[in-house]
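Numbers -6 to 160, taken from my numbering, label the letters of the sequence shown in order.
Comments concern the structure below.
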Amino acid sequence: MDTIFNRHSVRQYDGRPVESEKIEKLIKAGMAAPTAGNQREWEFIIVTDNDLKAKVAASSPYSGCAKDAGVQIIVCGDTNRLRFPDCMHADLGAVCENILLEAVHLDLDGVWLAFAPYEDRMRPLINLFALPDNIIPFAVLSIGYAKSKKREDGRDYDMSRVHTNGF
Ligand SMILES: Cc1cc2nc3c(=O)[nH]c(=O)nc-3n(C[C@H](O)[C@H](O)[C@H](O)COP(=O)(O)O)c2cc1C
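Printed below as a string of structure tokens:
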């Protein structure tokens, strides 16, 4: 549970690469996420090359921080595997959260960068990686060793939005 409460979005990294053993653990954490009907539609693109990282980072107006990530993980969905198409975004969201939590567990930090359903953000990634029509780039996870370990304390928990036995 500490991992959950220690996770925060981190957009500045110290420049160290992320070890391949850790990348494998991140991917395994993503694959361990629940999916509707166990459809497991995920595909992952791991980006460690600096030129590619810069291009990925430039693909959305809100993903510039990914340029300096130790690793980028592009979480994709394969529409050919969908039995419950309406659940794809929920499934892939669970994949992303699993990876971000595993990152904290491995002394890494990161941030979820939105791509799907925004066509203008997805298109540059589709072109860059020559993705086939059935592969949807859902999100980019920008992960690395945090530049600063300073974390915000004290989240705002709002118990007025919790409803027991009725709304
Ligand atoms: C679906 C989703 C999309 C997001 N997209 C972006 C994004 O494009 N760029 C970005 O810098 N942060 C993005 N974030 C991170 C949020 O801004 C961040 O999670 C939120 O401000 C709460 O901060 P915390 O993660 O530190 O708790 C996204 C988060 C989610 C869940």
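Beta carbons: idealized from backbone N, C-alpha and C, even for Gly.
When we look at the beta-carbon of Val104 and count the other beta-carbons within 10 Å, is it buried (16 or more) or exposed? Locating residue 104 in the sequence shown gives position 111, where the first residue counts as 1. Taking all protein chains shown into account, Val104 has 16 or more neighbouring C-beta atoms within 10 Å of its C-beta and is therefore buried.
Measure the C-alpha to C-alpha separation of Leu121 and Arg0 and round it to an integer number of angstroms. Translated into the one-based positions of the sequence shown, residue 121 becomes position 128. Translated into the one-based positions of the sequence shown, residue 0 becomes position 7. Spanning the two alpha carbons is a distance of roughly 30 Å.
Can you tell me whether Lys21 is buried or exposed? The criterion is at least 16 other CB atoms within 10 Å of its CB, across all chains shown. Residue mapping note: residue 21 aligns to position 28 of the sequence shown, counting from 1. That one is exposed.
Does the beta carbon of Trp105 fall short of 7 Å from some heavy atom of ligand 1? Here residue 105 refers to the residue found at position 112 when the sequence shown is read from its first residue. Trp105 Cβ: within cutoff of ligand 1.
Determine the direct distance from the alpha carbon of Thr(-4) to that of Val97, and round the result to whole angstroms. Position 104 of the sequence shown, counting from 1, holds the residue named residue 97. Position 3 of the sequence shown, counting from 1, holds the residue named residue -4. Distance between the alpha carbons of Val97 and Thr(-4): 6 Å.
Alpha carbons only, please: which of Asp42, Met24 and Thr157 is nearest the one belonging to Glu34? Position 41 of the sequence shown, counted from the start, is the residue given in the question as residue 34. Looking at the Cα atoms, Met24 is the closest of the given residues.
Short of 7 Å in beta carbon distance, which residues of its chain neighbour Leu93, apart from the five on each side in sequence? Order them along the chain. Residue 93 sits at position 100 when you count from the first residue of the sequence shown. Cβ neighbours of Leu93 beyond the five flanking positions: Arg0, Gly103, Trp105 and Leu134.
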